Amino acid sequence: MDLTNERLNNLKENIEALCADELVDLKTDVDEQVLSKTMSKDALHKVIKKERKRPEACKVCESTHLVKNGKTKQGRQKYRCMDCGKSYSDTHNSIVKGSKKPYYVWEAFIQCMMNGFSLRKISSLIDITTQTAFSWRHKVMETLATYDQSYKLSEEIQIDETYFLLNMKGSRELPRPAKERGTKGRTRGISNEFACVLTAVDANDHILLEVIGQGNPRTGSIIGALDYRVEQNTRMITDSKAAYHEVSEHFSSKLHQIPSHSHTKGVYNLAVTNGLHSEMRSWFRKFKGVSTKHLARYLAWFRFEKLLRYRYEMKRHNRKCMNYAISNHLTFLTDAISKQPFPIDIELPYKQNQYFA
Ligand SMILES: [Zn+2]
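Numbering (my numbering), first residue to last: 6 to 362.
Next up, the structure:
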């Protein structure tokens, strides 16, 4: 147990020993402390410093030889790189770098975000514009994408795909006027106007979600998404797609395919991935359409929430999200959100349509 946890646990034990009247007095004192600490200008810096376990490296020269170098007017610790002379504060290389908003606004934002509130509602509840809420949401999602990615899926892995209709919300580069859907241009199988998301889940509740192209997935894209993310010699349970023969061979794994008009094959089924897909559908509904451009980032958020539910009590979720997001070593500028390219060819469904028209 680390020092912070030990300190917190000791505190909790002491608090449990208090009588009701003492507890009420203590709460008043604690509330005052909370107010002053979460409003303080160095609160974000202090939490990040506590959360970051490995020493921060200089982003210019990657040296880890950073030394304390006085404090700012607001009391924020400054550091200087001994190798290149660049100076930093604790928020450097984090999504809150340069943010003028104090800790409590970020904290309130995370609460709203985890509650699934709309950007407009968030903006009306806390003092930020919808534009800021939009870019914060993307920054947070970007950090969540790295959560729990260092393991490989193993043993028994259910692999399946789900599809999201191409969505160009918020994009100016619309290729063509919207066409009538479900008429011309349909080819066999899943059409190119759907983004394909590969889902893989193992018995240890590890989850992989990856946008792997459009229409029916290619063998190479499936292998690409799973490479370095699954162990060799596993049992792979998939649908009846022929592509999975090559995929399972690539990972020297045993393949158990569920026939297309069945839910099981022997003891095997795709119940977990199917369940995940239907949860995903209802989870996405609240956004009233997500641009395909940003699909991967929303999937990362969905995945993060799902993993939190496996691992922590509900009341700890906001804190976990907040601490993970702000201490993550990541600089993600608002600029990058608008410049985000589509992960699939948005012209392709249209090209096909012209051909069939
Ligand atoms: Zn340096």
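Each residue gets a CB set at the ideal place from its N, CA and C atoms; glycine is no exception. No experiment lies behind these values; they were computed from the predicted model shown.
N- and C-terminal bounds of the alpha helix (DSSP H) containing residue i
{"i": "I227", "result": "224-231"}
{"i": "R81", "result": "Careful: R81 lies outside any alpha helix (DSSP H) and carries neither H nor E."}
{"i": "K51", "result": "48-56"}
{"i": "I115", "result": "108-119"}
{"i": "E251", "result": "248-255"}
{"i": "M146", "result": "135-149"}
{"i": "R125", "result": "124-130"}
Simplified DSSP assignment, three categories, for residue i
{"i": "R290", "result": "helix"}
{"i": "L335", "result": "coil"}
{"i": "R191", "result": "The pLDDT assigned to R191 is 48, lower than 50, so where the model puts this residue is not dependable, and the model offers no usable value."}
{"i": "K32", "result": "helix"}
{"i": "K17", "result": "helix"}
{"i": "Q154", "result": "coil"}
{"i": "T69", "result": "coil"}
{"i": "G271", "result": "coil"}
{"i": "G75", "result": "strand"}
{"i": "C201", "result": "strand"}
{"i": "Q345", "result": "coil"}
{"i": "Q219", "result": "strand"}
{"i": "L8", "result": "helix"}
{"i": "V277", "result": "helix"}
{"i": "L214", "result": "strand"}
{"i": "V295", "result": "coil"}
{"i": "D340", "result": "helix"}
Assigned exposure category for residue i - 16 Cβ within 10 Å defines buried
{"i": "D34", "result": "exposed"}
{"i": "Q219", "result": "buried"}
{"i": "T134", "result": "exposed"}
{"i": "L28", "result": "exposed"}
{"i": "Y70", "result": "Residue identity differs from the one stated: residue 70 is His in this sequence, not Tyr. Result: exposed."}
{"i": "T278", "result": "buried"}
{"i": "T269", "result": "exposed"}
{"i": "R302", "result": "buried"}
{"i": "R324", "result": "exposed"}
{"i": "T188", "result": "In this prediction, T188 scores a pLDDT of 47, lower than 50, which makes its location untrustworthy; the coordinate-derived value is nonetheless stated afterwards. It is exposed - the Cβ of T188 has fewer than 16 other Cβ atoms within 10 Å."}
{"i": "N197", "result": "buried"}
{"i": "Y156", "result": "exposed"}
{"i": "E21", "result": "exposed"}
{"i": "D165", "result": "buried"}
{"i": "A200", "result": "buried"}
{"i": "P222", "result": "buried"}
{"i": "C24", "result": "exposed"}
{"i": "L214", "result": "buried"}
{"i": "E4", "result": "As displayed, the chain neither begins before 6 nor continues past 362, which places residue 4 out of reach and without an answer."}
{"i": "S94", "result": "buried"}
Extent of the continuous beta strand (DSSP E) run through residue i
{"i": "Y303", "result": "Segment 300-316 is the alpha helix (DSSP H) holding Y303; no beta strand (DSSP E) there."}
{"i": "T243", "result": "240-243"}
{"i": "S92", "result": "92-94"}
{"i": "Q262", "result": "259-262"}
{"i": "V170", "result": "Per the sequence shown, the amino acid found at residue 170 is Leu instead of Val. 161-170 is the span of the beta strand (DSSP E), which, as asked, contains L170."}
Residue j beta carbon less than 8 Å from that of residue i
{"i": "Q154", "j": "A205", "result": "no"}
{"i": "L275", "j": "D244", "result": "yes"}
{"i": "I217", "j": "S226", "result": "yes"}
{"i": "T167", "j": "H266", "result": "no"}
{"i": "F139", "j": "L149", "result": "no"}
{"i": "K144", "j": "F337", "result": "yes"}
{"i": "T224", "j": "V202", "result": "no"}
{"i": "K83", "j": "V65", "result": "no"}
{"i": "A146", "j": "C326", "result": "Reading off the sequence, residue 146 comes out as Met, not Ala. No, Cβ-Cβ distance for M146 and C326 is not below 8 Å."}
{"i": "F122", "j": "W141", "result": "no"}
{"i": "L304", "j": "R234", "result": "no"}
{"i": "M285", "j": "F309", "result": "no"}
{"i": "S68", "j": "M44", "result": "no"}
{"i": "T9", "j": "I53", "result": "no"}
{"i": "P354", "j": "L171", "result": "yes"}
{"i": "E160", "j": "A230", "result": "no"}
{"i": "N74", "j": "R57", "result": "no"}
{"i": "C89", "j": "C117", "result": "no"}
{"i": "M173", "j": "I342", "result": "no"}
CB contact below 8 Å: residue i versus chain D
{"i": "Q219", "result": "The chain labelled as chain D is not found in the depicted structure, where only one protein chain is given."}
* Asked: Three or more beta-carbon pairs under 8 Å between the stretch 324-334 and the stretch 89-106, yes or no?
  -> When C-beta atoms of the stretch 324-334 are compared with those of the stretch 89-106, three or more pairs fall below 8 Å, so the two segments count as touching.
* Answer yes if the stretch 73-86 comes into contact with the stretch 310-323, meaning at least three C-beta pairs across the two stretches below 8 Å, and no otherwise. => In short, these stretches do not touch, since the Cβ pair count stays below three.
* Counting Cβ pairs, one atom from each stretch, are 3 or more of them under 8 Å apart for the stretch 346-358 and the stretch 284-298? -> Here the stretch 346-358 lies against the stretch 284-298, with 3 or more beta-carbon pairs under 8 Å apart.
* Using 8 Å as the threshold, is the stretch 235-251 in touch with the stretch 259-273, meaning 3 or more CB pairs across them? -> The stretch 235-251 makes contact with the stretch 259-273; the number of CB pairs closer than 8 Å reaches 3 or more.
* Chain-ordered residues, beta carbon under 6 Å from a heavy atom of ligand 3 -> Ligand 3 is not part of this structure, which contains only ligand 1.
* Segment contact, 8 Å Cβ cut-off, at least three pairs: the stretch 38-57 with the stretch 102-120 -> Cβ pair count under 8 Å is three or more, so yes.
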